[in-house]
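Before any comments, here is the structure.
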Amino acid sequence: MTGNYGPAGNNALFLRAKKIKNGTEKINQSMPEWFKTHGYTTVSVGKVSHHPGGRGGKNWNDSTQIEMPNAWDKHLMPVAEWQHPRGMMHGLANGEIRVKPGDMDVFQTVEGDDNIYPDGAIAEEAVKQLGALATDSDKPFFLAVGIIKPHLPFGAPKSYFDKYDGITLPEIEHPQKPEGKTTWHGSSEFMKYNRWGKNPNKDTAFADDVRRHYAACVSYADAQVGKVLAELKRTGADKNTIVVLWGDHGWHLGEHAIWGKHSLFEESLHAPLIIYYPEITHKGASSNAIVESLDIFPTLCDLTGIETPEYTSGTSLKDILADPNTNGHTAIAYTNNASTIRTSTHRMTLHKDGFVELYDHTTTEKETKNVAEEYPELVEELKNALKTRLD
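Sequential numbering of the sequence shown, starting at 87, is according to our numbering.
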C-alpha cells in the first residue's frame, strides 16, 4: 500500500501514521493517496490495511487513530451484528465474536446465506459503493475491498463446506518439522483455538477437517469477489476498469508441520495475484515470474498513465502482463529475526545471527534440504542482493 518496504510488525502503518501526525519528517504518499491527488475518488471497504476499517483503539474503531491518513475519501467498515471491526476480524456465524480463542471453534459451518458470516456484509457494502462510483463517468475511482476470510477461525456457510465434504484430499507435502535452524514455529495463532484439544500434526482426521474448512472459506471469499465483479459488469464499468486480486500472504496447511503463516517458507509467502485490464491480450494466462506485492503500485500507475513516483521500490508488471513468459525479478520478505530472498531458482534465508538457509527450487527437495554449505558463492551473491534491496 505504501510502495516501500517497512518495519517488520503489525504496527508498521500506525508508526508511519504517527510520523505523519508529528510532521517531523517527510512521508511519501501511499498508493491510494497518490491516486487521490491525481483526481481519483478513493474508497476503502473492509480489511484493506492491517485492521479491518483501518483504525486503532481497543476495538479498532477509534477515528482518531487512522492507519493510512489522507488516503481515502471514504473509509468504510460495516460491522453488522459483530459490534465492531475487531469482532468482524475473528467473527463466526450470526454475530459471534472472539473473546478467548481457547473457547472458540477453530472451524465452523452453519446453514444460511452469505450474510451470516462477516464477509457478506463487506461484499454488500462494496457493491453499493461500486454502484455509486460507476455512475460518475467523469470521475475515475480507486475502490479497495478487503475480504477477511480465510483468516482464522475458518467459518463459512454450509453450502461452501458441502463442496468439499467427503472428498479425498491430496496428501500434505513435506509434513515433517524441518531439521536444523529454520523459521519454523509452533503455529501459536492456530493452536490458541484449542477448544477440542486436538493437534492436526498428530490427528489426520482433524487435519483433513481443518483443510476442508479452509477450502470452504476460500470458496466463500471467492463468491464475495464474484458479487463485486458482477456489479462491475452490470454498471458497464468493466469496459474501462483495472481489476487486481491479491492476497498479502500464503498459509501453511501442515507443510513443514506448520498451521498458519509467519514463516519464511514458500507456503507462507506465495500469495495469489491476478490482474485484469480491458486491453490485456493474454486473458486467463498464468506466469511463473517471481514478483512482489510492491509491484502493484507502479503497475497501476503504468496501466493508468499516471506518473510513477520515484520513491516506489517495486517494478511495473506491464511487460509480464503483455507476455507471461517475461522474466520476473527477485522478491524479499522478512521478520524481526530473519530475511529471505527468492529468485526463480532458489530461496536464501539469512538469520540475524548469520545462519543461512539455501533451498534449490529446481529439485524435488525444494525447501526440505538446506544446501547452503554446498554453494558458498551463491550464498554470498544472494546475501549481497538482499542487502542491496533492503538498504
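Note that the Cβ used here is the ideal one computed from N, Cα and C, for glycine as well. In this text, all values refer to a predicted model and were calculated from it rather than measured experimentally.
Item, Value
"Determine, using beta carbons only, whether Y461 and L444 come nearer to each other than 8 Å.", "yes"
"Determine the contact status of T421 and L350, defining contact as a CB-CB distance below 8 Å.", "yes"
"Determine the DSSP secondary structure at R433, reduced to helix, strand or coil.", "strand"
"Using a Cβ-Cβ cut-off of 7 Å (strictly less than) and excluding sequence neighbours within five positions of D205, which residues of its own chain qualify?", "I233, I234, K235, Y306, A307 and Q310"
"N374: which of M163, T416, T221 and N147 sits nearest, CA to CA?", "T416"
"Any idea what DSSP makes of K452, helix, strand or coil?", "strand"
"Quick one: give me the first and last residue of the beta strand (DSSP E) that Q151 is part of.", "D148 to I152"
"Could you name each continuous beta strand (DSSP E) segment of 3 residues or more that falls completely within the segment 141-199, going from the start of the chain to the end?", "148-152, 160-162 and 193-196"
"Taking only runs of the beta strand (DSSP E) that begin and end inside the segment 289-343, which ones reach a length of at least 3 residues, in chain order?", "329-332"
"Determine, using beta-carbon pairs with one atom in the segment 113-126 and one in the segment 146-164, whether at least three such pairs fall under 8 Å.", "yes"
"Name the two residues that bound the continuous alpha helix (DSSP H) containing L238.", "Here L238 belongs to no alpha helix (DSSP H), and DSSP marks it neither H nor E."
"Grab the span of the beta strand (DSSP E) containing G206 for me, first residue to last.", "Looking at the DSSP string, G206 is not in any beta strand (DSSP E); the run it does join, the alpha helix (DSSP H), is P204 to A220."
"Jot down the residue ranges of each uninterrupted beta strand (DSSP E) in the segment 351-416, minimum 3 residues, whole runs only, in chain order.", "359-362"
"Does the pairing of the segment 270-286 with the segment 236-243 give three or more beta-carbon distances under 8 Å?", "yes"
"Could you give the distance in angstroms between the alpha-carbon of P286 and the alpha-carbon of T127?", "46 Å"
"Report the CB separation of I341 from P261 in whole angstroms; it is logged as a contact under 8 Å.", "Note that residue 341 is Glu in the sequence shown, not Ile. With 8 Å as the limit, E341 and P261 qualify as a contact, their Cβ atoms being about 7 Å apart."
"For the pair the segment 91-110 and the segment 198-215, tell me if three or more CB-CB distances fall below 8 Å.", "no"
"Taking only the alpha-carbon atoms, compute the straight-line gap between R298 and H137 and give it to the nearest angstrom.", "26 Å"
"Would you mind reading off the limits of the beta strand (DSSP E) that contains E443?", "V442 to D446"
"Roughly how many angstroms lie between the CA atoms of S478 and D289, to the nearest whole one?", "No answer is possible for residue 478: the residues shown for the chain start at 87 and end at 477."
"For Y362 and K369, what's the separation of their Cα atoms in angstroms?", "8 Å"
"Apply the 10 Å Cβ neighbour rule to L101 and answer buried if 16 or more other Cβ atoms are within range, or exposed otherwise.", "exposed"
"Kindly indicate the opening and closing residues of the beta strand (DSSP E) around A103.", "Counting along the chain, A103 falls outside any beta strand (DSSP E), though it belongs to the alpha helix (DSSP H) covering A98 to N108."
"Let me make sure I understand the geometry here. Which of K438, H356, T195 and L386 has the alpha-carbon closest to that of S430?", "H356"
"Taking one C-beta from the segment 311-323 and one from the segment 213-232 each time, how about it: are there three or more such pairs within less than 8 Å?", "yes"
"Please determine, among K144, V129 and M174, the residue with the shortest C-alpha to C-alpha distance to H161.", "V129"
"Pick from F292, V377, A301 and G346: whose alpha carbon is nearest that of W332?", "V377"
"Counting only runs that start and end within the segment 248-290, where is the beta strand (DSSP E) found for 3 or more residues in a row?", "none"
"Return the chain-ordered list of same chain residues with a C-beta closer than 7 Å to the C-beta of P384, the five sequence neighbours on each side being excluded.", "T394, T398, G400, T401 and S402"
"With a threshold of 16 other CB atoms inside 10 Å of the CB of A343, please say whether the residue is buried or exposed.", "buried"
"Where do the N-terminal and C-terminal ends of the alpha helix (DSSP H) with T426 fall, by residue?", "Here T426 belongs to no alpha helix (DSSP H); instead the beta strand (DSSP E) covers A424 to R428."
"Give me, in chain order, the residues of the same chain whose beta-carbon lies closer than 8 Å to that of Q151; leave out the 5 immediate sequence neighbours on both sides.", "F100, A103, R141, G142 and G143"
"Once DSSP output is grouped into helix, strand and coil, what is the label at A458?", "helix"
"Report the partner residues of V231 according to the DSSP bridge assignment.", "V131"
"What's the C-alpha gap between G173 and G188?", "16 Å"
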